[in-house]
Amino acid sequence: MDIYQVRMFGRLGFARRRCDSCGRFFWTLDPDRVTCGDSPCDEYTFLGNPPTRRSYELHEMEQEFLRFFEESGHTIIKRYPVVARWRDDIYLTIASIANFQPWVTSGLVPPPANPLVVSQPSIRLKDIDNVGRSGKHFTLFFMGGHHAFNTRERTAYWNHETVEYCHQFLTERLGIRPEEITYVEGFWEGGGNAGEDFEVNVRGLEVATLVFMRYAVKNGERVPIPLNIVDTGYGMERLTWLSKGEPTSYDSIFGPMVEELLHRSGVSRPPNEILKINSKLAGMIDVESGRGLKWLREKVAEKTGKKPEELDSLLRPLESIYAVADHLRCLAFMFGDGITPSNVGEGYLARLVLRRTIRLLREMGLEEEFTELMRKELELLKPSFPELWREREYVLRVCELEAKRYAETLRGGEGIIQRMVERGIDISGELLRLYDSRGLPPEIVQEICTKLGVSVKIPEDFYIQAAKLHSSSPRSEKKEEVRMTLAGPPTVPLYYENPYLREFEAEVLESREELVILDRTAFYPEGGGQPCDLGELKGESGTAKVLDVQKYGETIVHKLDRNPFRKGERVKGILDWERRVSLMRHHTATHILLEAARRVLGSHVWQHGAQKGTERTRLDVTHYQRLTEEELREIERLANNIVMQNLSVTCRWMDRNEAEAKHGFVLYQGGVVPGAKVRVVEIEGWNTQACAGVHCSRTGEVGPIVIVRTERIQDGVERLEFSAGEAAVELIQERYKKIAEALRILRCPPEQLPEATLRLFEQWKKSTKELEKLRRKLGEVVGGSLLQEAKRMGEILLIARKLDLGKEDLLKLGEFLIKNEPRSVVVLTYEEEGTGNLVVMAGQESLRLGIHCGKIASELSKMAGGKGGGTAELGQGGGLEISKLEEIAEKAGEIIRC
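The C-terminal position of the sequence shown is numbered 1000 in the working numbering, with every residue numbered one higher than the one before it.
See the structure below:
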C-alpha cells in the first residue's frame, strides 16, 4: 500500500476510489468519477474529440517523449534489435525492460546509463488475432520506457518522481486536463521480474504502465532483488491515436499504407459513425472472457440497427487491411533485424506473421502484390529507420521466397485434408497441429473442408495459441553440479594467460574419487562448443590420464582415469598438444568462416550453433535457402584469404556495456554470454565476437580451411562442415588420392576426367533403365501368378508369400499388385544380408476398410523375433528369424482377421 501513496496525489488533492465496475483501486482528481477509466469499465470518449493540445504523428510523439525525459535528466539510448540475441529465455524483444534483463535487473551488470529513456520497438504476438479488430492492438509497437536503477549506494528516483514525471508529460507537454487522468493500482509480472504498478488511463484508453520492480520470480515465488527498478512503458501508438482521435489507432499510425491497400483492393470504408461505435466497443474485446468477434458484432448491431452479418461484410475487409498494414511493419523489423524464417524459434514466429499477412492479402485478391507492398513499407520506414532500408534486398528476397513456399504448402494441403476426412478424423481438433507441422492456416483448411461437405470451427484466438507454442526459448540444460567443497580460491585459468602453455605445475586443492581440483590449470574445460583439453597429471603419487575437464562456476574439475593424488600434493600437468593446437585452429577458423559467410550471404546470417573438433568442425548458420556452389567457393576463398593475410587475433576482457556500445549485438554470434565482463575475441579488421574459447594469435596459424560438405539441418539453418590446419591438408591429400584412383580406373588424363565420368554415368543410366524394364516385366509375370493365388477374406484379398527377391523388386511387385487389385493386402517376406524382412502394402479399397499396414507389420515382426511398423499405406519389418519367414506369411490372415 505504501508504494501507492504518492506525494503528488496528496499535494494535488487526488482521491483514492474503488471502481464500481472491476473493483480495482484508482486515483483521480474528478470528484464525480466512479469507474477506473480503463476499458471495459469505460468506453473511449476521445474519438473525434482528442484531449491533447495538438495532434501528433508517431515519430513526433516519440521525439516529444524522448526530449521531455532528456530534459528531465535522462540519457537517450538507441533501440535494441527486435530479436533478443542477448537472452536465452525469449526470442523477441517484448518490452523496453527486456533490453536489461537479466544482467542489469539482477544487479550483475550496470545499466548503460542511469536514468535512461528509450523508444523500443517491441513485438508481442499474444494478441495477434485482435490486431485490426480492437483498434488498439499491434504485433509490433513502440514502447517508450524511462528507467531508473536504484541501488543501496545510489537512488536515482522511485515511485514519487515516476508518477510526477508521467503527470507532467501528459498535462504540461501534451496538454491533457489532469481531471481526465486516472492512476489504477495493480501488480505487474514479466520476463522473470515483478512489482507493484500504476496503469495510467485517459478517456478509456490505457496509455502507460508505471512498474516499481522489486522482485525476481523463481519457481513461482517472488524473491527480492538487490535493485529497485523503475520500469515504465508508454504506448507511443496509443498516445498518437489519443492525440488524433481517429476511429482506430490503425488510421492514426498506418494512414498511407491503409490508403494504399484500400486503393489496390477496391475496399470501401464503412461510414465513420459505424467505425466510431465499433471502436468504442472493440476496445472491450477479450476472447477469454467471452467477448470475442461474435460479441462485438452483436453489440455494434444493437447500437446501429444493422444485422451482425451485414456489419461483418462491412467491417471485415477493413479489419483485414488494418491487420496487413500492422503485419507489414512487424515483418520489416523482424527481417531487417536479421530473423530468418524457419519452423522453430523466432523464425517460426516471423513465418506465422508472414503467412497470416499473405492469407489476408489472398482474401483481398492482392496475394501477388505482397513483395511490392513490403517495398512500399520499407520506403515509408526509411526516414526514421534507414538501417531497415539498407537490408531491403534481403527482406524482399525472403518475402518472395516465403510466398512461393507458402503457395506450395497450400497446393499440397487439399490432398492432406481429403485423406484425413476420408479416415473420419475430426478436423476441428487437428487445426493447431495442421498449422504447426504442415503450415496449413485454419481458414484454408476450413475452405477445403467446406468443399468436402465437412464443417470446421476455428477458435477466435487460434493464432494466439499458435504463437504461444513458440513464444519462449527453452533454457539450455545446466550441467549437473559437482559437489566438492573448495579449500582455496577459484581455479586460475592459465589457458587465458598463455594459450601456448604446454606444461604447468599446480597444487591439488581437492581430491575425491576420480575427480581433482587444482589451484591453477592450463587444461581448457569444455564450453562454447569447444571440447576440453586432454593430457595427463604427474606427481609423487603416480601418473593419471585426464579424460574430461568441466567448469562449475569459477572451479575447474578434472576427471581422471585413476586418482592417486592427495590434497596438497604438487603435480605437473602435460597437455595433449596436438589436440589443443588443432582445437585452437578450428575455433579461430570458425570465427573466420562465419564472417566470410556473412560477407557473402548478407548480415542476416547468424551463428545458430557450432561444435569444434580436431579433425572436422560444424558451423550452423541461418540462411533462407540452400547454399550454391558459387557461394560456397566464395566463402572458402574469402576465409583462406584472411588466413594468408596473417591478421592478428586479440583476446581481451571488456565491460559488457562498453563492448556492446562499441561492437553492437553482433558480439553474441556465438550465443548468450553471462557476466558483467565479456571476453572479446577480435580478428583484426574482420570479425569481433564475445567468446570464451582458446584461439591462435594470428590467422596464419590456422592453416588452410576446406569446406567438406553442407546440409540443411532444419528449415532456415545451413550446416557447414569444414577442416582446418593439418586436418585440412590430410583431407586435400585424401581427395587427390581418390582422384588419382579414379583416373587410373577410367584410364584418362586429369583434364579428361569430367568427360570420362559423364560417359560412364550415361552408360549406367542406360543400364538402369534396362534393369527397370526387366523389373516391371518380372513384376507383371510374378504378380499375375500371385493374384490368381490370392485368398479372399470377406471384402479383402490377401496375398502373402515368401519370395527370393530383393527389397526394391518386392516394392515394385507390391505396387503392381495393389494397383491392379484395390482390395488387396500384400504381405511379402524375404531374406537380405543374413536377416529376415517383410513388406506390407494395401490397395485403396482395403485402406478404406480400415487396414493399417504398419500395425500388421508390427504384429507379424513380433511373431518372428523382429521389429516392425510404418504408415497405413506401407509397413515394414526387420531382424526376423529366417526360419519363420514362411510361417508368418501363412499367419498373416490371422492378424488381419483380428
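For each residue, glycine too, the CB sits at the ideal point set by N, CA and C.
As assigned by DSSP and simplified to three states, the class of residue i
i: residue 549; result: helix
i: residue 904; result: strand
i: residue 774; result: coil
i: residue 321; result: coil
i: residue 184; result: coil
i: residue 931; result: strand
i: residue 170; result: helix
i: residue 856; result: helix
i: residue 436; result: helix
i: residue 176; result: coil
i: residue 824; result: strand
i: residue 105; result: helix
i: residue 801; result: helix
i: residue 911; result: helix
Bounding residues of the alpha helix (DSSP H) (the contiguous stretch that carries residue i)
i: residue 517; result: 494-524
i: residue 474; result: 472-483
i: residue 270; result: 261-270
i: residue 812; result: Segment 807-816 is the beta strand (DSSP E) holding residue 812; no alpha helix (DSSP H) there.
i: residue 303; result: Residue 303 -> not in any alpha helix (DSSP H); beta strand (DSSP E) instead, spanning 295-304.
i: residue 342; result: 338-346
i: residue 597; result: 596-599
Burial state of residue i, where buried means 16 or more other Cβ atoms lie within 10 Å
i: residue 990; result: buried
i: residue 488; result: exposed
i: residue 915; result: buried
i: residue 579; result: Reliability fails at residue 579, whose pLDDT of 46 lies under 50, so the model's placement of it is uncertain and no value is given.
i: residue 835; result: exposed
i: residue 108; result: buried
i: residue 359; result: buried
i: residue 901; result: buried
i: residue 865; result: exposed
i: residue 290; result: buried
Length of the line joining the Cα atoms of residue i and residue j
i: residue 346; j: residue 369; result: 23 angstroms
i: residue 540; j: residue 168; result: 44 angstroms
i: residue 588; j: residue 672; result: Confidence is the limiting factor: at residue 588 the pLDDT is only 44, short of 50, which leaves the residue's position unreliable, though a coordinate-based value still follows. If you take the alpha carbons of residue 588 and residue 672, they lie about 17 angstroms apart.
i: residue 435; j: residue 455; result: 12 angstroms
i: residue 393; j: residue 738; result: 58 angstroms
i: residue 293; j: residue 226; result: 13 angstroms
i: residue 583; j: residue 254; result: In this predicted model, residue 583 has a pLDDT of only 48, less than 50, meaning its place in the structure is not dependable enough to derive any value.
i: residue 387; j: residue 395; result: 7 angstroms
i: residue 806; j: residue 442; result: 30 angstroms
i: residue 822; j: residue 725; result: 12 angstroms
i: residue 789; j: residue 601; result: 20 angstroms
i: residue 1005; j: residue 143; result: With the chain covering 103 to 1000 only, the question about residue 1005 has no answer from this structure.
i: residue 891; j: residue 988; result: 16 angstroms
i: residue 310; j: residue 976; result: 59 angstroms
i: residue 695; j: residue 630; result: 17 angstroms
i: residue 613; j: residue 661; result: 10 angstroms
i: residue 397; j: residue 552; result: 24 angstroms
i: residue 1043; j: residue 680; result: The first residue shown for the chain is 103 and the last is 1000, placing residue 1043 beyond what the model contains.
Residue i - containing beta strand (DSSP E), residue span
i: residue 208; result: Premise fails: residue 208 is in no beta strand (DSSP E) and is neither H nor E.
i: residue 647; result: 644-654
i: residue 224; result: 218-225
i: residue 747; result: Taken as a continuous stretch (DSSP letters only), residue 747 belongs to no beta strand (DSSP E), being part of the alpha helix (DSSP H) at 731-747.
i: residue 673; result: 672-677
i: residue 755; result: 751-757
i: residue 980; result: 976-982
i: residue 117; result: 117-120
Chain C within 8 angstroms of residue i, Cβ atoms only
i: residue 614; result: Considering every chain present, this structure includes no chain C. It has just one protein chain.
Residue i CB to nearest heavy atom of the ligand SAH below 7 angstroms
i: residue 174; result: The ligand SAH is absent from the structure shown, which contains no ligands of any kind.
Review point. Do the stretch 938-945 and the stretch 968-977 make contact, defined as three or more Cβ pairs closer than 8 angstroms?
Key: Three or more pairs of CB atoms, one per stretch, sit closer than 8 angstroms, so the stretch 938-945 contacts the stretch 968-977.
Check your understanding: Using 8 angstroms as the threshold, is the stretch 304-320 in touch with the stretch 342-359, meaning 3 or more CB pairs across them?
Key -> Yes, since at least three Cβ pairs between the stretch 304-320 and the stretch 342-359 fall closer than 8 angstroms, the two stretches touch.
Point to revise | Touching by the beta-carbon criterion (3+ pairs, under 8 angstroms), the stretch 319-335 and the stretch 143-155 | key: no
Exercise for review: Count the CB pairs spanning the stretch 354-367 and the stretch 462-473 that are closer than 8 angstroms, and state whether there are at least three.
Suggested key: yes
Check your understanding: Pairing CB atoms from the stretch 216-235 with CB atoms from the stretch 177-190, are three or more of them under 8 angstroms?
Key -> Taking a contact to require three or more Cβ pairs closer than 8 angstroms, the stretch 216-235 and the stretch 177-190 qualify as touching.
Practice item. For the stretch 187-203 and the stretch 277-295, state whether three or more C-beta atom pairs, one from each stretch, are separated by less than 8 angstroms. Key: yes
Practice item. State whether the stretch 526-536 contacts the stretch 556-573, with contact taken as three or more CB pairs (one from each stretch) at a distance under 8 angstroms. Key: yes
**Study point:** Stretch pair the stretch 738-755 + the stretch 772-787: three plus CB contacts closer than 8 angstroms
**Key:** Segments in contact, yes.
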